[in-house]
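Just so you know, the numbering used here puts 185 at position 183 of the sequence shown, and the rest follows in order with no gaps.
Every residue gets a Cβ at the ideal spot worked out from N, C-alpha and C, and that includes glycine.
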Amino acid sequence: MAVAPVVSKRRLLKEEDMTKIEFETSEEVDVTPTFDTMGLREDLLRGVYAYGFEKPSAIQQRAIKQIIKGRDVIAQSQSGTGKTATFCVSVLQCLDIQVRETQALILAPTRELAGQIQKVLLALGDYMNVQCHACIGGTNVGEDIRKLDYGQHVVAGTPGRVFDMIRRRSLRTRAIKMLVLDEADEMLNKGFKEQIYDVYRYLPPATQVCLISATLPHEILEMTNKFMTDPIRILVKRDELTLEGIKQFFVAVEREEWKFDTLCDLYDTLTITQAVIFCNTKRKVDWLTEKMREANFTVSSMHGDMPQKERESIMKEFRSGVWLSTL
Numbered sequence: 003m004a005v006a007p008v009v010s011k012r013r014l015l016k017e018e019d020m021t022k023i024e025f026e027t028s029e030e031v032d033v034t035p036t037f038d039t040m041g042l043r044e045d046l047l048r049g050v051y052a053y054g055f056e057k058p059s060a061i062q063q064r065a066i067k068q069i070i071k072g073r074d075v076i077a078q079s080q081s082g083t084g085k086t087a088t089f090c091v092s093v094l095q096c097l098d099i100q101v102r103e104t105q106a107l108i109l110a111p112t113r114e115l116a117g118q119i120q121k122v123l124l125a126l127g128d129y130m131n132v133q134c135h136a137c138i139g140g141t142n143v144g145e146d147i148r149k150l151d152y153g154q155h156v157v158a159g160t161p162g163r164v165f166d167m168i169r170r171r172s173l174r175t176r177a178i179k180m181l182v183l184d185e186a187d188e189m190l191n192k193g194f195k196e197q198i199y200d201v202y203r204y205l206p207p208a209t210q211v212c213l214i215s216a217t218l219p220h221e222i223l224e225m226t227n228k229f230m231t232d233p234i235r236i237l238v239k240r241d242e243l244t245l246e247g248i249k250q251f252f253v254a255v256e257r258e259e260w261k262f263d264t265l266c267d268l269y270d271t272l273t274i275t276q277a278v279i280f281c282n283t284k285r286k287v288d289w290l291t292e293k294m295r296e297a298n299f300t301v302s303s304m305h306g307d308m309p310q311k312e313r314e315s316i317m318k319e320f321r322s323g324v325w326l327s328t329l
C-alpha cells in the first residue's frame, strides 16, 4: 500500500523577490564561544569532549544554538570547517532517546559522506545510547529494512535510497522533526533535486529544515523558498573559513607532461605522510595511480565506477598511504 505524501504549507516568496535577497548573517545570531555555554545535555557534552573537541569553530559558534532553538537555518560552510559536527551536535541535542523512532533525517550527496555522518553521530552520542543508520545505495536492501525496523533515532543517507525506504514503509516519517541537507549544492550538481523534493513531501508539515552549502546558487535559494519558514542565515565570512594551520600554495606547470615530475619533486622537497590527490577524470586517476606505484609510492585510488565494497575497503587503506580520487 502506498504512503500518501504530506503537503506542507510554507510561506512562499514571489519568484522575482528571490533575486533581491541578500544573504548575510541574520542580526539575531549570537556567537557562543564555548560548548559549555550552549546548553547541551550532559551526556552529549561528555561525548563532544571525548571526541577531541576543545573549542567550537566559527560555524559551530553561530549555528548550533540556532538549530537547537528549532529555527530553520541556512548555513554556508565549506569542507573542513566543522560543519558535520555542527548539525550532528544539534540533532543529538534535540532527540528524545526514549522514543525509538526516526526523529532526524540527514541527506548527503555521496555514500561516503553519509557513512561519515553516521560515524560522527555515533561517536558524539556515545554516552546517549543513540541509534543511527546510514541508508545508502549499493548496499543490501534487506539489511536497511532490518535496521530500520529495529528503530533508529537518526537516519543519514543518499536521497535515492532514503526515498526508496520511505516508499517501502520501512522508514516511517511520522516522528521526524528535523531534516538536514548537507552539501546541498553538491546534491543539486549530482541531479538529486527531484529526489530531495520527493523525500520532503512525506515529512510532517512542521519539520525543521537545516541546509548546509558551500555556495548559494539560484537553485539553492529556490529550495530554501519552498522548504523553509523565515530561516536564520549564517554565512561565515571567507576569511573565517580558512583553516588554521593549513598553508595553501600552487605550482604553475606549463605542460601536462611535466606534472608527474613536479608531483615527485614536491614529495622530495616536503615532508608528506598522508595526502589526497584530486584528478579531474576517472581515467586520470587510474593513470596516475599506476605511475605512482611504478615510482614506489603506496597509493590507493577511488572513483565512481568502483563497487561500493571496494570503495569502503579503499577508505580504510587510506590511513596507511596516499589516496587518489576524482574531484
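Between residue 196 and the set 224, 133, 171, 170, the nearest pair of CA atoms involves 224. Just so you know, the alpha carbons of residue 255 and residue 261 end up roughly 6 Å apart.
Put simply, of 220, 52, 105 the residue whose alpha carbon is nearest the alpha carbon of residue 191 is 220. Counting the other CB atoms within 10 Å of its CB gives residue 94 a total of 16 or more, which places it among the buried residues. In the displayed model, residue 301 falls within a strand according to three-state DSSP. The DSSP-derived three-state label of residue 235 is strand. Going by C-alpha positions, residue 269 is about 50 Å away from residue 172.
Nearest in C-alpha terms to residue 186, of all of 208, 217, 162, 207, is 217.
Residue pairing for residue 159: DSSP places it in a beta bridge opposite 109, 137.
Where residue 76 is concerned, the enclosing beta strand (DSSP E) starts and stops at 75–78. A straight line joining the alpha-carbon of residue 156 with that of residue 132 spans about 8 Å.
The beta carbons of residue 211 and residue 229 sit closer together than 8 Å.
The DSSP-derived three-state label of residue 274 is coil. One thing to note: residue 238 has its Cβ within 8 Å of the Cβ of residue 79. DSSP, read as helix, strand or coil, puts residue 211 in strand. Short of 7 Å from the beta carbon of residue 265, and not among the five residues preceding or following it, lies no beta carbon of its own chain. Residue pairing by DSSP puts residue 180 in a beta bridge opposite 106, 210. Assigned with DSSP and collapsed to three states, residue 92 falls in helix. Taking each of 174, 169, 57, 51 in turn and checking the Cα distance to residue 150, the smallest one comes out for 174.
Contact between the region 60–79 and the region 153–168 is absent: fewer than three C-beta pairs spanning the two stretches fall below 8 Å. Counting C-beta pairs with one atom in each stretch, the region 109–123 and the region 26–44 have fewer than three that are closer than 8 Å, which means they do not touch.
The beta carbon of residue 67 sits closer than 8 Å to the beta carbons of 32, 34, 40, 41 from its chain, once the five residues preceding and following it are set aside; these are given in chain order. Burial state of residue 106 is buried, judged by a 10 Å Cβ sphere holding 16 or more other Cβ atoms.
For residue 62 and residue 104, the gap between their C-alpha atoms comes out near 24 Å.
Per the coordinates, the alpha-carbon of residue 314 lies some 42 Å from the alpha-carbon of residue 30.
The Cβ neighbour count for residue 290, taken over all protein chains shown within 10 Å, is at least 16; the residue is labelled buried.
When secondary structure is reduced to three states using DSSP, residue 38 falls in the helix class.
In the structure shown, the three-state DSSP call for residue 130 is coil.
Taking a contact to require three or more Cβ pairs closer than 8 Å, the region 140–149 and the region 85–100 do not qualify as touching. Residue 126 sits close to residue 49, with the two beta carbons spaced by under 8 Å. In the structure shown, residue 254 falls within a coil segment according to DSSP collapsed to helix, strand and coil. CA-to-CA, the gap between residue 193 and residue 112 works out to about 12 Å.
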